[in-house]
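Number 66 in the working numbering belongs to position 77 of the sequence shown; there are no gaps in the numbering.
Glycine is no exception: its CB is placed at the ideal position from the N, C-alpha and C atoms.
Report on one structure; see the data block that follows.
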Amino acid sequence: MARTKIRHSKPAAKALPAAAKLRAFTDSARTTIEKGLANTREAVGGLEKIFEQRVSLAIARLGVPTSRELRALSRQVAELESRVAALKRPRA
């Protein structure tokens, strides 16, 4: 019995390996980009933290009260207002 060879056209035979190479390249590029984005986000986060610390120090040097100090003062003012209101009430 004679064997018959099945001939594949060259473009069709090369298409499958080319597609696999393209997918591997795309996957590799995606992984590299995702790692780069993660590193960039981490670096930016670190820079933001440093920036916030330096701004806080500069504000403190200028004598600007912190939000915590302002809340405490606000509570004190509210307490004093209620005491003054109580003193203004006529006594029976």
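Review point. Where does G34 sit, in a helix, a strand or coil, going by DSSP?
Key: The residue labelled residue 34 in the question sits at position 45 within the sequence shown. In the three-state reduction of the DSSP assignment, G34 falls in the helix class, which pools H, G and I.
Check your understanding: V33 to R78, Cα distance in whole Å?
Key -> On the sequence shown, residue 33 is found 44 positions in, with the first residue counted as 1. On the sequence shown, residue 78 is found 89 positions in, with the first residue counted as 1. The straight-line gap separating the alpha-carbon atoms of V33 and R78 is approximately 58 Å.
Review point. Got a sec, what are the start and stop residues for the alpha helix (DSSP H) R78 sits in?
Key: As a working note, residue 78 is residue 89 in the sequence shown. Premise fails: R78 is in no alpha helix (DSSP H) and is neither H nor E.
Exercise for review: Let me know the secondary structure DSSP gives P6 once reduced to three states.
Suggested key: Working through the sequence shown from its first residue, we reach residue 6 at position 17. Correct three-state label for P6: helix.
Check your understanding: Quick one: what does DSSP say G25 is sitting in, helix, strand or coil?
Key -> Looking up residue 25 in the sequence shown gives position 36. Looking at G25 - three-state DSSP - the assignment turns out to be helix.
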